[in-house]
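Letter by letter, the sequence shown follows residues 46 to 605 in this note's numbering.
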Amino acid sequence: MKASLRFILAEILVEWRTLAGGLLLTGLGALMVWAGPVVIAGIIDEGLVPGDRDRVIRGVALLALAEVLRLCSAAAGQVVYAVLGQNVIERVRQRMVRHLVALPVPYFDRVTSGGMMTRVVNDANSLTDFFQSGFVSVLGNIGSLVAAFVGLSSLSPRLGVVLFAVFVPFVWLTSIFSRQLRLVYEDMRSRLSDLNSTLADMLFGMRTLRSLGLNVPSHEKLNDKVESYAVSQRGMIRTYALFHPAITLATGVFLLIWIGAGLELVGTGELKVGGWIAGLSYVLMMQQPMTEISDRWNFFLAGITSIGRVREVLESPEERGGATPEGRFERLSFQKVDFFYEGAGGAALSGVNLEIRRGDWIGIFGESGSGKSTFLHLAIAFLDPTRGEVSWNGRNVLELDPAGVRSHFGVVEQFPFLFSGTIGDNITWFGKRALDREALLERFDGHGLITSLLTRMEDPVTERGTNLSLGEKQMITFLRAWLAGPEIWILDEATAFFDPQAEAELLAVLESERHRGVTVIQVAHRPEALRRMNRWINVRSGDLRELTATDLPAVRPDST
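Structure (structure tokens):
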């Protein structure tokens with residue numbers, strides 16, 4: 046909690062001018078809270094008791110002015126703090142977006158999509174509640190409580206000390222409730238992340254659910270997550286239900302102490318009647334800020350919990366930087382490379398020694414889980430080796446900018462991801478890559494699927510490309526990579542969903558680029574696809590073994 050408070054305080058202090066204005070208004074409001082009962086005491090003791098009508102009128106006018114100033118400062122403070130909050134939230138959200146796109150790929154493998162969406166959407170929205178309902182209310186009401194205690198102490202220092210002594214255990218009790226509520230909110234957020242993640246899986250897998258004859262009510266995993274979140278909410282309600290009565294009890298104790306002890310002081314002449322009534326006003330005035338603090342404390346704690354989760358994202362290390370690779374690609378070398386996934390019992394890759402040279406056409410095959418994808422991710426700098434060295438043109442890739450290394454690659458995956466928009470948006474990456482449609486139509490004349498996509502550039506693409514076939518999505522990904530002019534192609538089972546004609550078209554296109562020294566690394570199920578390669582690698586349980594053409598009949602590349 047302390048780290049979250051330091052984080053948000055640092056963000057708030059950036060807006061120090063706005064904060065200073067808000068604090069001045071809060072101070073003015075607290076001053077008016079203190080002044081009201083003082084004016085009331087003067088009206089009674091110096092106006093009503095001696096019968097000074099003019100003093101009463103002046104006192105009433107002064108009291109009305111104090112109330113107007115209090116209301117105006119409260120209203121203006123709400124506006125100022127709202128502006129402060131929006132500025133801070135906008136800046137934090139912008140930082141989150143910038144930071145998210147700079148995080149390394151393995152981070153997104155560890156964090157579920159539901160958990161990430163909870164942080165970006167739900168936790169960011171909780172910051173709005175934190176400022177508008179939590180921070181503003183707590184800060185303003187603390188000012189009112191301080192003013193009330195100062196007023197009580199000025200009327201009777203002894204009673205002020207007694208009331209403060211009673212207030213200390215109340216603060217201690219509040220801190221206990223706060224810790225418990227914070228744990229409840231953290232648990233709620235964690236369960237909400239699980240619920241969002243399960244819901245996202247269910248929505249994206251709706252076709253599969255329906256094909257299995259399942260529907261939402263019968264999806265037990267989702268129901269369990271909903272019930273788990275509901276249990277957490279009920280826990281929050283039970284905990285909070287004990288908090289509010291404690292506020293009422295504390296106010297009642299303060300009131301009884303002031304009434305009993307104050308009347309005795311009036312009887313001895315140590316306190317005038319007006320002062321006693323003013324003190325009674327202070328005690329009664331304390332109930333409102335204490336009640337409001339208890340009512341809004343949940344927003345404050347929810348905001349603190351959300352700040353902690355946002356901070357976790359912002360403090361996650363970004364992808365490493367490095368020097369920009371110079372010149373064209375010549376060779377990519379693996380030297381005694383081992384790779385272990387966090388928490389895994391064994392190595393995903395072990396003792397890999399391999400050199401990929403410019404112009405190589407390498408076919409990779411092996412059983413599922415053998416390490417093929419891990420090898421590709423190391424090649425494209427998505428992962429860093431646990432031991433050993435991967436070098437690019439003789440230089441350790443750890444010294445190079447991963448984005449610079451990837452700029453030399455064109456990747457076509459088995460299950461490509463498309464964005465909502467149009468076919469043209471996905472090919473040109475929303476206009477970031479230049480495309481001469483006529484030139485491409487001429488270049489790919491006779492290639493049926495490619496030509497079809499280029500003539501349908503304005504056709505819409507729904508979320509995740511669900512309105513397109515897998516073959517169409519793979520070819521769109523190929524065209525997207527083609528525009529970048531890559532030196533190395535990674536085809537990760539990229540033709541798995543092509544019909545024979547479309548597969549022949551893509552391989553023919555790459556074949557026509559051989560004279561430029563283009564390098565191809567292809568993972569495929571079908572041996573006929575790998576027959577075009579000039580090197581072959583079999584992956585088994587993390588071990589890479591290079592084969593010769595004569596070895597292929599013995600170890601067929603269709604064993605995946």
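Cβ atoms here follow ideal geometry from the backbone N, Cα and C, with glycine treated the same way.
### Message
In the DSSP assignment, the alpha helix (DSSP H) including residue 431 goes from what residue to what residue?
### Response
Numbered from its first residue, the sequence shown carries residue 431 at position 386. Where residue 431 is concerned, there is no enclosing alpha helix (DSSP H), given that its DSSP letter is neither H nor E.
### Message
Among 491, 122, 435 and 308, whose alpha-carbon lies nearest the alpha-carbon of residue 188?
### Response
The residue given as residue 188 occupies position 143 in the sequence shown. Nearest C-alpha to residue 188: 122.
### Message
Tell me the rounded alpha-carbon separation between residue 427 and residue 594.
### Response
Along the sequence shown, one-based indexing puts residue 427 at 382. Along the sequence shown, one-based indexing puts residue 594 at 549. Taking the straight line from one Cα to the other gives about 31 Å.
### Message
Here's the rule I'm using: 16 or more other beta-carbon atoms within 10 Å means buried, otherwise exposed. How should residue 499 be labelled?
### Response
Here residue 499 corresponds to residue number 454 of the sequence shown, with the count starting at 1. Buried, since its Cβ has 16 or more Cβ neighbours within 10 Å.
### Query
Would DSSP call residue 518 helix, strand or coil?
Counting from 1 along the sequence shown, the entry for residue 518 is found at position 473. Three-state result, residue 518: helix.
### Task
Starting from residue 102, follow the alpha helix (DSSP H) in both directions and report where the run begins and ends.
Translated into the one-based positions of the sequence shown, residue 102 becomes position 57. 98-145 is the span of the alpha helix (DSSP H), which, as asked, contains residue 102.
### Message
Tell me the rounded alpha-carbon separation between residue 176 and residue 547.
### Response
The count along the sequence shown starts at 1 and reaches residue 176 at position 131. The count along the sequence shown starts at 1 and reaches residue 547 at position 502. Each residue's Cα considered, the two are about 57 Å apart.
### Query
Pick from 243, 295, 335 and 311: whose alpha carbon is nearest that of residue 201?
The sequence position of residue 201 within the sequence shown is 156, counting from 1. Proximity to residue 201 across 243, 295, 335 and 311 peaks at 311, based on C-alpha coordinates.
### Task
Kindly indicate which three-state DSSP category residue 556 falls into: helix, strand or coil?
In the sequence shown, counting from the first residue as 1, residue 556 sits at position 511. Residue 556 falls in the helix class under three-state DSSP.
### Task
Report the rounded CA-to-CA distance for residue 441 versus residue 434, giving the unit in angstroms.
On the sequence shown, residue 441 is found 396 positions in, with the first residue counted as 1. On the sequence shown, residue 434 is found 389 positions in, with the first residue counted as 1. The C-alpha of residue 441 lies about 7 Å from the C-alpha of residue 434.
### Task
Over the uninterrupted alpha helix (DSSP H) stretch that includes residue 438, give me the two end residues.
Within the sequence shown, the letter at position 393 stands for residue 438. Premise fails: residue 438 is in no alpha helix (DSSP H) and is neither H nor E.
### Query
In whole angstroms, what separates the C-alpha of residue 564 from that of residue 359?
Working through the sequence shown from its first residue, we reach residue 564 at position 519. Working through the sequence shown from its first residue, we reach residue 359 at position 314. Rounded to the nearest angstrom, the two C-alpha atoms are 38 Å apart.
#### Entry: Cβ contact check for the region 83-92 and the region 60-71: 3 or more pairs under 8 Å
Segment contact: the region 83-92 against the region 60-71, fewer than three CB-CB distances shorter than 8 Å; contact not assigned.
#### Entry: 6 Å Cβ shell around residue 567 - same chain, five flanking residues per side excluded
By 1-based counting over the sequence shown, the position of residue 567 is 522. Excluding the 5 residues flanking it on each side, residue 567 has same chain C-beta neighbours closer than 6 Å at 408 and 536, in chain order.
### Query
Residue range of the beta strand (DSSP E) that residue 406 falls in?
Working through the sequence shown from its first residue, we reach residue 406 at position 361. It spans 406-411 - the beta strand (DSSP E) in which residue 406 sits, taken as one unbroken run.
### Task
Please confirm whether residue 134 and residue 172 have their CB atoms less than 8 Å apart.
The sequence position of residue 134 within the sequence shown is 89, counting from 1. The sequence position of residue 172 within the sequence shown is 127, counting from 1. Cβ atoms of residue 134 and residue 172: closer than 8 Å.
### Query
By Cβ distance, which residues of its chain are closer than 6 Å to residue 215, with the 5 residues on each side in sequence left out?
Stepping through the sequence shown from its first residue, residue 215 is reached at position 170. Contacts found: 295.
### Task
Measure the alpha-carbon distance for residue 47 versus residue 228 and round it to whole angstroms.
Residue mapping note: residue 47 aligns to position 2 of the sequence shown, counting from 1. Residue mapping note: residue 228 aligns to position 183 of the sequence shown, counting from 1. Rounded to whole angstroms, the separation of the alpha carbons of residue 228 and residue 47 is 14 Å.
### Message
Could you tell me the alpha carbon to alpha carbon distance between residue 455 and residue 532, rounded to whole angstroms?
### Response
Within the sequence shown, the letter at position 410 stands for residue 455. Within the sequence shown, the letter at position 487 stands for residue 532. Cα to Cα, the separation comes out at about 8 Å.
### Message
Please report the straight-line C-alpha distance between residue 481 and residue 452, rounded to a whole angstrom.
### Response
As a position in the sequence shown, residue 481 is number 436, starting the count at 1. As a position in the sequence shown, residue 452 is number 407, starting the count at 1. Just so you know, the alpha carbons of residue 481 and residue 452 end up roughly 21 Å apart.
### Message
Quick check: the region 136-152 against the region 345-362, are at least 3 beta-carbon pairs closer than 8 Å?
### Response
Flag = yes, the region 345-362 and the region 136-152 touch.
### Query
Is the region 303-320 in contact with the region 53-65, if contact means three or more CB pairs nearer than 8 Å?
The region 303-320, when compared against the region 53-65, does not touch it at the 8 Å Cβ threshold.
### Query
Got a sec? Which residues, its chain only, sit under 6 Å from residue 502 by beta carbon, not counting five neighbours each side?
To locate residue 502, count along the sequence shown from 1; it is residue 457. Spatial neighbours of residue 502 in its own chain (CB-CB distance under 6 Å, excluding positions within 5 residues in sequence) are listed in chain order as 468 and 469.
### DSSP bridge partner residues for residue 474 (one or two, in chain order)
For the purposes of this step, residue 474 is taken as the residue at position 429 of the sequence shown. The partner list for residue 474 (beta bridge, DSSP) is empty, contrary to what the question assumes.
### Task
Output the distance between the C-alpha atoms of residue 588 and residue 55, rounded to the nearest integer angstrom.
Taking the sequence shown and counting its residues from 1, the one referred to as residue 588 is at position 543. Taking the sequence shown and counting its residues from 1, the one referred to as residue 55 is at position 10. Residue 588 and residue 55: Cα-Cα distance of roughly 50 Å.
#### Entry: For residue 398, three-class secondary structure by DSSP
Looking up residue 398 in the sequence shown gives position 353. Note: residue 398 maps to strand in three-state DSSP.
### Task
Output yes or no for whether 8 Å exceeds the beta carbon distance between residue 232 and residue 182.
What you label residue 232 is simply residue 187 of the sequence shown in a count that begins at 1. What you label residue 182 is simply residue 137 of the sequence shown in a count that begins at 1. Going by C-beta atoms, residue 232 is not nearer than 8 Å to residue 182.
### Task
Find out if the Cβ-Cβ distance for the pair residue 374, residue 403 is shorter than 8 Å.
Stepping through the sequence shown from its first residue, residue 374 is reached at position 329. Stepping through the sequence shown from its first residue, residue 403 is reached at position 358. Result yes, Cβ atoms of residue 374 and residue 403 sit closer than 8 Å.
#### Entry: Same chain, Cβ closer than 7 Å to residue 257, neighbours up to 5 away in sequence not counted
Counting from one through the sequence shown, the residue named residue 257 turns up at place 212. At residue 257 the pLDDT is 49, less than 50, meaning the model places this residue with poor confidence and gives no usable figure here.
#### Entry: Touching by the beta-carbon criterion (3+ pairs, under 8 Å), the region 405-423 and the region 314-329
No: the two stretches stay apart, fewer than three of their Cβ pairs being nearer than 8 Å.
### Query
Under 8 Å between C-beta atoms, does residue 501 make it to chain D?
Included in the structure is just one protein chain, with no chain D present.
### Query
Among 399, 290 and 234, which one has its Cα closest to the Cα of residue 352?
Locating residue 352 in the sequence shown gives position 307, counting from the first residue. For residue 352, the nearest C-alpha among the options comes from 234.
### Query
Ordered along the chain, which non-local residues of its own chain (more than five positions away) have a Cβ less than 7 Å from that of residue 337?
Along the sequence shown, one-based indexing puts residue 337 at 292. 182 and 186, listed in sequence order.
### Task
Determine the burial state of residue 113: buried for a count of at least 16 other Cβ atoms within 10 Å of its Cβ, exposed for fewer.
For this step, residue 113 is matched to residue 68 along the sequence shown. Residue 113 is exposed by the Cβ-count criterion.
### Query
Hey, how far is the Cα of residue 591 from the Cα of residue 475?
What you label residue 591 is simply residue 546 of the sequence shown in a count that begins at 1. What you label residue 475 is simply residue 430 of the sequence shown in a count that begins at 1. Distance between the alpha carbons of residue 591 and residue 475 is about 40 Å.
### Task
Since I believe residue 116 is in contact with residue 192 (beta carbons under 8 Å), could you give me their beta-carbon distance rounded to a whole number of angstroms?
In the sequence shown, residue 192 corresponds to position 147, counting from 1. In the sequence shown, residue 116 corresponds to position 71, counting from 1. Rounded, the Cβ-Cβ distance is 15 Å, inconsistent with contact.
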